Every structure is written in C-alpha cells, then in structure tokens.
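Here the protein sequences come in this chain order: L and H.
Every position in the first sequence, counted from 1, becomes a number in the working numbering once 241 is added.
Every position in the second sequence, counted from 1, becomes a number in the working numbering once 283 is added.
The beta carbon of each residue, even a glycine, is placed where N, CA and C say it ideally should be.
It should be emphasised that the depicted structure is a prediction, and the values quoted were computed from it without experimental measurement.
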Amino acid sequence: QQQVKQSPQSLIVQKGGISIINCAYENTAFDYFPWYQQFPGKGPALLIAIRPDVSEKKEGRFTISFNKSAKQFSLHIMDSQPGDSATYFCAARSSSNTGKLIFGQGTTLQVKP
Amino acid sequence: DGGITQSPKYLFRKEGQNVTLSCEQNLNHDAMYWYRQDPGQGLRLIYYSQIVNDFQKGDIAEGYSVSREKKESFPLTVTSAQKNPTAFYLCASNAIAGAKNIQYFGAGTRLSVL
Numbered sequence: 242q243q244q245v246k247q248s249p250q251s252l253i254v255q256k257g258g259i260s261i262i263n264c265a266y267e268n269t270a271f272d273y274f275p276w277y278q279q280f281p282g283k284g285p286a287l288l289i290a291i292r293p294d295v296s297e298k299k300e301g302r303f304t305i306s307f308n309k310s311a312k313q314f315s316l317h318i319m320d321s322q323p324g325d326s327a328t329y330f331c332a333a334r335s336s337s338n339t340g341k342l343i344f345g346q347g348t349t350l351q352v353k354p
Numbered sequence: 284d285g286g287i288t289q290s291p292k293y294l295f296r297k298e299g300q301n302v303t304l305s306c307e308q309n310l311n312h313d314a315m316y317w318y319r320q321d322p323g324q325g326l327r328l329i330y331y332s333q334i335v336n337d338f339q340k341g342d343i344a345e346g347y348s349v350s351r352e353k354k355e356s357f358p359l360t361v362t363s364a365q366k367n368p369t370a371f372y373l374c375a376s377n378a379i380a381g382a383k384n385i386q387y388f389g390a391g392t393r394l395s396v397l
C-alpha cells in the first residue's frame, strides 16, 4: 500500500531522444508526486512535481503525465542531453501534514552523445 | 547561503565503533529526515522528526539512533549494532506548513567500514 514502484531500473537513450520513466502506486491517499534528479555523489534535487487533479505538467524539456485511474505517473524527458545523465527518483507524499515521501527505487539514465 | 549541510563528506568506521553524521539546516524547516541509499534500492527512510525533541522510526531504524535537541540540527548515530553500515546517507528537511512541503536534500555522507 505504501510502495511506489519505478521502472526501468536503468535506461540508455541517444542524444536527442525521449527518455521515459514510469512509476505506479497503490495508496489513493497520496496527494503530491515529485520527481527528483540526482547526480553522482550529490543529494537529490527536486526536478518537477504534480498533483493528482492534473493530468500533465510541463517544465521545459521535462513533462509529467499522470493517470489517476490507473494510479500511474511518468516522467518524459524530451530532446535528452548528455547532461541529463543522472539517477531519477519518483516519489509520493503520504501526508500533507508532514511532507513525508515514499520513494521509488530509482532509474539510472545514460544519454549517449 | 540557505540550505542543508551534511558533514563529513566521507567517514570511515572501525569494527565496534559508533559514528555520528551531522546534519544542519538554516531553512527554518520543521521536519527533518535521514535516508540511506544503496545501489538499486532507492532511498530508505531511517528516522524522521517533525518537531524538536520528538522523532519517529522509519523503515530501517535498527542499528541507528537520532536526536533533535535543536530545530536546525538532526544528527544520526550509526551504532555498532548496524552490521552493514556502508552506504550513502542523505539528510533532508521540509516545512510542514504550506501546500508544497518540498523536501530539500543535503549533499550526503558516504560511510565506509575499515
């Protein structure tokens, strides 16, 4: 119930291609879904986030698609660049009172030049 | 600069030794968290605190201890009872009030066993 399942575990994309990372959850009480980007040896940084009453959110080359009925959401990186090579985590907020997040397992993205 | 400071960046533990990882934030955030990161396992919650002098166990609290004596500080002690402490440890914080509750992370401490 409290899990967030993320796939794939790793992803290799050519420069200019589209990177797609998927997440699924069970708990319908989750109310906020952020994505974090982490470079090696660094802490994760918030990339983009969405609420369940919105089906899509776009910020530059990054888009979240949200399917409430299927309890799935995904991150799309358009025109992927080598600088996008990082580990990406999806997350779900379990309570707006605390901000506590449940994280997916992470996806390591490599964008080849 | 506002943010979360973790120290040290690298730490080595000897057999049977307790070590303490520091986490300080100047964001005036109420809640603070400790995560452990292992390859392929994402971020696993060790402990969290929503208010001074109070904290709760996360999913993998065994072998760890914390304190929250000041709002800005949330140190994590890795005790000798933690038999596999080698990992990357991340501290995070967020404001409880408000709709976003965005968690901000420190740069992490990498702990290795000698």
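Just the chain L side, please: which residues come within less than 8 Å of residue i by C-beta, in chain order?
{"i": "N384 (chain H)", "result": "Y273, R334, S337, T339 and G340"}
Sorted by chain position, which residues of the same chain lie with C-beta nearer than 8 Å to residue i's C-beta, five sequence neighbours on each side aside?
{"i": "L397 (chain H)", "result": "F295, R296, K297 and E298"}
{"i": "K341 (chain L)", "result": "R334 and S335"}
Using a Cβ-Cβ distance under 8 Å, would residue i count as near chain H?
{"i": "P293 (chain L)", "result": "no"}
{"i": "L287 (chain L)", "result": "yes"}
{"i": "Q346 (chain L)", "result": "yes"}
{"i": "F280 (chain L)", "result": "no"}
{"i": "F330 (chain L)", "result": "yes"}
In the DSSP assignment, what are the bridge partners of residue i?
{"i": "K340 (chain H)", "result": "H:Y330"}
{"i": "F330 (chain L)", "result": "L:Y277"}
{"i": "F271 (chain L)", "result": "None; F271 (chain L) has no bridge partner."}
{"i": "T339 (chain L)", "result": "Per DSSP, none; premise fails for T339 (chain L)."}
{"i": "L350 (chain L)", "result": "L:L252 and L:A327"}
{"i": "F295 (chain H)", "result": "H:S395"}
{"i": "M315 (chain H)", "result": "H:S332 and H:S376"}
{"i": "F307 (chain L)", "result": "L:F314"}
So is residue i in contact with chain L if we call contact Cβ pairs under 8 Å?
{"i": "A344 (chain H)", "result": "no"}
{"i": "N311 (chain H)", "result": "no"}
{"i": "L304 (chain H)", "result": "no"}
{"i": "L267 (chain H)", "result": "Because chain H here runs from 284 to 397, residue 267 (chain H) falls outside it and cannot be looked at."}
{"i": "L373 (chain H)", "result": "yes"}
{"i": "A314 (chain H)", "result": "yes"}
Quick one: Cα of residue i to Cα of residue j, how far?
{"i": "V349 (chain H)", "j": "P291 (chain H)", "result": "16 Å"}
{"i": "P281 (chain L)", "j": "T328 (chain L)", "result": "8 Å"}
{"i": "D337 (chain H)", "j": "S310 (chain L)", "result": "37 Å"}
{"i": "A333 (chain L)", "j": "Q351 (chain L)", "result": "24 Å"}
{"i": "Q255 (chain L)", "j": "V361 (chain H)", "result": "41 Å"}
{"i": "N308 (chain L)", "j": "D320 (chain L)", "result": "23 Å"}
{"i": "L252 (chain L)", "j": "S326 (chain L)", "result": "10 Å"}
{"i": "K246 (chain L)", "j": "Q346 (chain L)", "result": "7 Å"}
{"i": "K354 (chain H)", "j": "Y316 (chain H)", "result": "12 Å"}
Please go through the same chain and pick out, in chain order, the residues whose beta-carbon is closer than 7 Å to the beta-carbon of residue i, but skip the five residues on each side of it.
{"i": "R319 (chain H)", "result": "R327, I329, I343, A370 and Y372"}
Please list, in chain order, the chain L residues whose beta carbon lies closer than 7 Å to that of residue i.
{"i": "A390 (chain H)", "result": "K283 and G284"}
{"i": "N377 (chain H)", "result": "G340"}
{"i": "Q333 (chain H)", "result": "T339"}
{"i": "L326 (chain H)", "result": "F330 and F344"}
Whose C-beta lies closer than 6 Å to the C-beta of residue i among residues of the same chain, with five residues either side of it excluded?
{"i": "S250 (chain H)", "result": "Examination of residue 250 (chain H) is not possible in this model, given that chain H is present from 284 through 397 alone."}
{"i": "K298 (chain L)", "result": "I291 and I305"}
By the criterion of Cβ-Cβ separation under 8 Å, what are the contact partners of residue i in chain H?
{"i": "Q250 (chain L)", "result": "G323"}
Can you name the residues of chain L whose CB is closer than 9 Å to the CB of residue i?
{"i": "A370 (chain H)", "result": "None at all; the shortest Cβ gap to chain L is about 13 Å."}
{"i": "L294 (chain H)", "result": "Correct list: empty, because the minimum Cβ distance to chain L is about 14 Å."}
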